[in-house]
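Here is the structure we will look at, set down as structure tokens.
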Amino acid sequence: MELLSHTRRAVATILATGILVLTMGPGSAAASSTSSSLSAPTAPFVVNDGEGPQLYSASAVNITNDVDGDVYAAGQSVTITGDITGDVIAAAQSITITGNVDGNVRLAGDNVTINGDISRSGTIFAATVNVSDTGSFGDDVVGAAQEITIAGPVGRDVLVSTENLTIDGSVGGNVTYNSDIDARIAEGAVSGTVERVESSQSPTVEVSPWALFGSWFLGLLYALVALSVITALTGLLLPRLLHRVTDHLVPAPWKALLVGLVASITVPIALLVILVTIIGAPLALAGLLVWLTLTLATFVYGAYYIGRLLFRGNQPPVVKALVGGAILIVALHIPWLNVAVWAAMVLIGLGAQLLAIHSQRPWHRTRSEGVTTPPPPAVTSTTVKDLAETQA
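Residue numbers for the sequence shown, in full-length UniProt numbering: 1 to 392.
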């Protein structure tokens, strides 16, 4: 229950400081930009009527008067030298509290220094936290920082997460800290217990070679079953498509490899250029889907191509696809070799598909099928005598 209360307090501090920065941010930014452009100081955003919650926002917030109520402050630096009867909630790069605070402090910043007496608890998130020998907390101190130094007294518990913790003052309760190194705590400074919570690290488990082989073999079996179903269905449903695409690989696979390599470099760049334009974004997404489909289909075409190389006869397309797919799956599961096989499969498969699409383009088919080439003129033998008579 105590840990839950500290967690709730930390969450409340983060939410409060976040809301504080959001609500006061424009005023702080305006004050900062105005003060940088003008030599004369400008009035910060302040809601201060002497009683009740007081709001401060500026590049440098300096509260010197006593405040009967809560204080909410945001800026680049926050300095409080007056006494506060309520709570202090502040967010800044540098926070210094020299006055006395009758309530709690909820602070978030880079450097936090406490020189005054805090009657109740403190929740602090910063890079460095320094509680001087003149500063104190009546109740708990909860927070997180890279370096925390507590030289003054703390009435109850200290619960922090830090890299370096130094306690020279007195702690009336327990000290619990999360760190990889031991804290520097003066002898007799802590009345209760001191507990260091180390960061949880996953234990290293040694895996036997048989377990690795079993995992590899199960993955191979799963891939054989799953991908064999895909190749079998493709061989049954789309045999002509498989044959037409792999026709571009049988005579010269290097041409398809070159086309696939060039396309793998240029197509993603072209899609990225189209994507940055507002009008071309839907077109780029559609092109990306088409490109992914072509890439995934390279396995089927690669499997059928291997089957065609093995079976030169009139075996069914399903047999060629299944046998070629099994060989390709095994090759893809062999370490080191799988990288080269995968790259060749993708590049050659993409090139073959692009060549097939290019050969099936409408204007190419119209030109090759609809336009007839006139026959060459008949060649007749002409003697020299006939040529002379013709010229005469």
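All C-beta atoms in this analysis are idealised placements derived from N, C-alpha and C, irrespective of residue type, glycine included.
Taking C-beta atoms as the reference points, Asn104 and Ser121 count as a pair closer than 8 angstroms. Counting only runs that start and end inside the segment 76–149, the beta strand (DSSP E) elements of at least 3 residues fall at 88–97, 105–114, 122–125, 128–131.
Shown here for Ala60: same chain residues with a beta carbon closer than 7 angstroms to its own, the five before and five after excluded, namely Gly75, Gln76, Ser77 in chain order.
As computed with DSSP, Ile185 is found in a beta bridge with Ile167. Tyr305 is the residue among Val318, Asp180, Phe311, Tyr305 whose C-alpha sits nearest the C-alpha of Leu328. Contact annotation: the segment 333–352 touches the segment 258–275, with at least three C-beta pairs closer than 8 angstroms. In this structure, Gly82 is the residue among Val341, Asp70, Gly82 with its C-alpha nearest to the C-alpha of Thr64. For Thr266, the enclosing alpha helix (DSSP H) has its first and last residue at 253–275. Of all alpha-carbon atoms in Glu147, Asp117, Phe213, the one lying nearest the alpha-carbon of Asp140 is that of Asp117. Counted as a single uninterrupted DSSP element, the alpha helix (DSSP H) harbouring Asn338 occupies residues 337–359. Distance from the CA atom of Arg308 to the CA atom of Ala286, rounded to whole angstroms, is 33 angstroms.
Leu249 and Ala356 have their C-alpha atoms some 10 angstroms from each other. Taking each of Leu322, Leu310, Gln360, Phe299 in turn and checking the Cα distance to Leu332, the smallest one comes out for Phe299.
For Leu233, the enclosing alpha helix (DSSP H) begins and ends at 209–237. Residue state for Leu249 is assigned as coil, using DSSP reduced to three classes. The alpha-carbon separation between Gly152 and Ile167 amounts to approximately 8 angstroms. Gly192 places its beta carbon less than 8 angstroms from that of Gly173.
Boundaries of the beta strand (DSSP E) around Val194: 194–197. Leu283 and Leu354 have their alpha carbons spaced roughly 19 angstroms apart. When secondary structure is reduced to three states using DSSP, Ile334 falls in the coil class, being assigned neither helix nor strand.
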